[in-house]
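Here the protein sequences come in this chain order: A and B. Quick note on the working numbering: the first sequence kicks off at 182 and runs consecutively. Quick note on the working numbering: the second sequence kicks off at 182 and runs consecutively. The beta carbon of each residue, even a glycine, is placed where N, CA and C say it ideally should be. The structure appears below as structure tokens.
There are 2 protein chains.
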Amino acid sequence: MPDNNHDLRRTILDTSRRMLVNEGFTNLSMRKIATECDCSATSIYLYFKNKDALLHALIEEGFDLLFEKLKTADDSQRPPLDRANTICREFIDFGLGNPEYYEIMFQLHPRHMERYPVEKFRKARKNIDLIMYLLEDGSKKGDFLIEEPRVVANVILATIHGAVSLLNAGRIDSRVGKEAFVETVVASVLAGLKGTVIMGKDQQPVVS
Amino acid sequence: MPDNNHDLRRTILDTSRRMLVNEGFTNLSMRKIATECDCSATSIYLYFKNKDALLHALIEEGFDLLFEKLKTADDSQRPPLDRANTICREFIDFGLGNPEYYEIMFQLHPRHMERYPVEKFRKARKNIDLIMYLLEDGSKKGDFLIEEPRVVANVILATIHGAVSLLNAGRIDSRVGKEAFVETVVASVLAGLKGTVIMGKDQQPVVS
DNA sequence: TATAGGAACTTAACACTGTTAACCAATAAT
DNA sequence: ATTATTGGTTAACAGTGTTAAGTTCCTATA
């Protein structure tokens with residue numbers, strides 16, 4: 182049996198991912214995962230150094246998922262502004278659609294877990310890089326006016342992240358419609374790329 | 182003894198606030214608070230329904246603190262754009278300067294604690310309202326071009342929140358300087374208010 | 001074929017956590 | 001004088017992450 186060794190490891194990952202999505206991060210305990218996997222809690226420690234390491238593995242999967250989503254949605258043939266628009270919406274869509282994943286990926290405070298290994302940050306950074314390359318492309322084509330793509334890419338990420346996290350936390354004024362909020366956020370991001378972006382009558386941002 | 186009753190209550194609040202700031206949210210346990218207060222852990226339950234209620238009280242204090250900071254920094258006599266600039270920077274300053282407070286105020290996921298009581302949200306909303314009034318003022322004076330101040334106020338809050346939370350979590354690309362990042366975020370927010378904002382040579386946003 | 005080694009897994013335990021039930025002492029009210 | 005209330009306690013429950021020690025079982029070598 183070649184890598185049948187890692188059968189349980191996969192089961193643990195799959196069930197904990199499922200439990201994370203279904204029952205939330207707070208209800209994710211080693212013992213609960215274990216009973217769901219039909220093994221003892223300590224068996225998990227055979228494949229993961231501790232709970233944080235298991236969490237890190239899930240986070241990594243999350244970043245892969247997000248990156249795939251962004252990459253497949255992004256069409257490098259389209260105009261940069263359209264691409265930026267798409268990327269923003271896909272990111273928000275991911276965050277609102279996978280709140281549990283999003284939480285451990287972006288909202289889990291470092292103080293709550295072991296330092297996320299530096300080498301794993303590369304996967305997280307791939308998403309920012311994707312934005313950055315897009316900005317550089319837009320700059321080269323003269324569509325954007327950006328001096329420091331890396332800084333702006335991080336600002337864009339921060340803006341969208343703020344929107345997603347506050348929405349998911351239910352901390353956006355209830356009198357503000359979710360759609361209007363999202364549209365305004367996206368418009369604001371796109372506005373930062375070049376010129377002024379206003380809202381068209383079909384709720385799509387239009388560059389004036 | 183008039184309200185000597187609430188002596189212990191005050192001590193609990195003060196020490197837990199101090200412990201929160203000094204040792205972080207994760208290390209805040211009822212028993213630790215109790216030993217620090219020279220009382221038993223169960224005594225805390227005489228004054229707070231549970232740990233969440235204690236946390237809510239701390240959150241409330243945090244919002245008061247933030248509101249005071251914003252209110253005293255805001256000078257309604259100055260031009261709206263200057264005021265917006267000040268508010269943004271004060272907010273960021275608060276978030277970076279009080280990461281523990283900020284965490285329980287804005288990053289503590291609802292799933293991790295009992296629903297934050299609706300009536301207490303008013304204190305949180307006072308900060309958004311302050312931004313909103315400023316936007317309305319700017320609109321009235323013709324400095325801003327804003328159709329829905331409440332939506333935009335929430336977007337501004339989200340943008341700044343995203344920046345603060347990612348900075349505090351150490352999730353901003355290390356190759357991006359903190360100052361440059363903050364300046365770009367503020368510039369981006371101000372740009373959304375009207376026209377295009379570019380960075381002057383003194384790193385201060387200038388409206389063109 | 002017998003035995004040593006190691007891999008996969010379990011049980012029992014430790015030191016924590018939030019929270020509750022039961023109890024006790026002192027003060028205030030009838 | 002007796003009752004009720006206030007403010008506090010101790011002991012316990014059920015849960016947490018984690019570790020040390022022990023157990024099975026399969027595989028490879030003497």
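Query                                                                                                                                                                  : Result
Here's a check: name, in chain order, each residue in its chain whose Cβ is nearer than 7 Å to the Cβ of B:LYS322, leaving out the five neighbours to either side.     : PRO261
Mind checking the segment 277 to 288 of chain A against chain B and listing, in chain order, the residues whose C-beta falls within less than 8 Å of any C-beta there? : GLU284, PHE287 and GLN288
State yes or no: is the beta carbon of B:ALA234 nearer than 8 Å to at least one beta carbon in chain A?                                                                : no
Please state whether DSSP places A:ILE353 in a helix, a strand or coil.                                                                                                : coil
Apart from the five residues on each side of it in sequence, which residues of its chain come closer than 7 Å, Cβ to Cβ, to B:SER221?                                  : ALA215
Report the option in B:ARG303, B:VAL336, B:LEU348 and B:ALA344 whose CA atom is closest to the CA atom of B:PHE248.                                                    : B:ARG303
How big is the Cα-Cα spacing for A:VAL417 and B:VAL336?                                                                                                                : Outside the shown range of chain A, which is 182 to 389, sits residue 417 of chain A, and nothing can be said about it.
With a 10 Å radius around its C-beta and 16 neighbouring C-beta atoms as the bar for buried, classify B:VAL299 as buried or exposed.                                   : exposed
In chain order, what residues of the same chain have a beta carbon less than 6 Å from the beta carbon of B:ALA344, not counting five sequence neighbours either side?  : VAL366
With a threshold of 8 Å between beta-carbons, can B:THR223 be considered close to chain A, or not?                                                                     : no
Thinking C-beta only, is B:PHE275 closer than 8 Å to B:LYS252?                                                                                                         : no
Near A:ILE268, which residues of its chain fall below 8 Å by C-beta distance, leaving aside the five closest residues on each side in sequence?                        : LEU251, ALA254, ASP255, LEU311, ILE312 and LEU315
Closer than 7 Å by C-beta to A:HIS237: which residues in its own chain qualify, once you throw out the five before and the five after it? Chain order, please.         : TYR297, PRO298 and LYS301
Is the beta carbon of B:LEU189 less than 8 Å from the beta carbon of B:TYR226?                                                                                         : no
At the 8 Å Cβ level, is A:ASN231 part of the contact set with chain B, yes or no?                                                                                      : no
Hey, B:ILE285 and B:LEU347: beta-carbon distance below 8 Å or not?                                                                                                     : no
Out of B:ALA350, B:ASN279, B:LEU374 and B:ALA305, state which residue places its alpha-carbon closest to the alpha-carbon of B:ILE327.                                 : B:LEU374
Apply the 10 Å Cβ neighbour rule to A:ARG331 and answer buried if 16 or more other Cβ atoms are within range, or exposed otherwise.                                    : buried
Suppose you measure from the CA of B:GLY351 to the CA of A:THR340; what does that come to, to the nearest Å?                                                           : 16 Å
What does A:HIS202 reach in chain B if we use C-beta pairs closer than 8 Å?                                                                                            : According to the sequence displayed, residue 202 of chain A carries Val and not His. Residues of chain B passing the Cβ test: none, with the nearest at roughly 13 Å.
Considering only their Cβ atoms, is the gap separating A:PHE244 from A:ASN308 smaller than 8 Å?                                                                        : yes
Cβ closer than 7 Å: which chain B residues qualify as neighbours of A:ASN335?                                                                                          : ILE353, ASP354, VAL357 and PHE362
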